[in-house]
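Numbering (the working numbering), first residue to last: 3 to 159. By construction, the Cβ of each residue, glycine as well, lies at the ideal position given by its N, Cα and C atoms.
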């Protein structure tokens with residue numbers, strides 16, 4: 003599959019949905035990150051960050067969405083699924099992506115301090131790991147970045 007043309011033709015909708023979940027998270031005082039998992043053109047899971055509400059350091063949008071998708075499918079392998087997330091996944095989330103066997107990840111903003119797919123590390127493109135996956139960043143990056151900037155500006159006030 004040519005992921006570049008797939009994203010341009012179909013997937014902006016999924017990134018916009020992820021942005022909606024990020025916005026909802028921000029309204030609840032969470033860092034605004036949203037994630038959507040899609041299989042065969044159907045959203046099967048979606049989540050926003052919930053670390054504060056759940057007092058759980060693993061309450062990242064990606065983790066919650068992966069767990070939800072696995073429950074919905076009744077199996078842990080998400081081999082025909084793609085993740086759309088507003089911020090480049092961290093190392094913890096990248097590990098969950100590898101272990102769930104997601105096919106591809108599209109993200110909005112690059113994360114130079116914690117991004118594990120392209121910014122700091124190359125998780126997903128390392129043949130030493132038991133799974134490799136497509137990685138693509140910068141999708142609706144301006145919108146994702148603005149949401150994060152606005153959130154942290156409001157927190158500092």
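Taken through DSSP and simplified to helix, strand or coil, residue 88 comes out as strand. Between residue 19 and residue 86, the C-beta spacing is below 9 Å. CA-to-CA, the gap between residue 24 and residue 34 works out to about 4 Å. Looking from the CA of residue 118, the closest CA among 106, 133, 109 and 93 belongs to 93. Counting of Cβ neighbours within 10 angstroms places residue 113 among the buried residues, the total reaching 16 or more. For residue 67 against residue 39, the beta-carbon gap comes to about 5 Å, under 8 Å, which counts as contact.
For residue 100, no beta strand (DSSP E) segment is defined; the enclosing uninterrupted segment is the alpha helix (DSSP H) at 93-102. Membership of residue 74 in the alpha helix (DSSP H) is indicated by the continuous run 63-75. Taking the Cα positions, residue 142 is about 9 Å away from residue 21. Taking all protein chains shown into account, residue 31 has fewer than 16 neighbouring C-beta atoms within 10 Å of its C-beta and is therefore exposed. The C-beta of residue 91 has 16 or more other C-beta atoms within 10 Å across all chains shown, which makes the residue buried.
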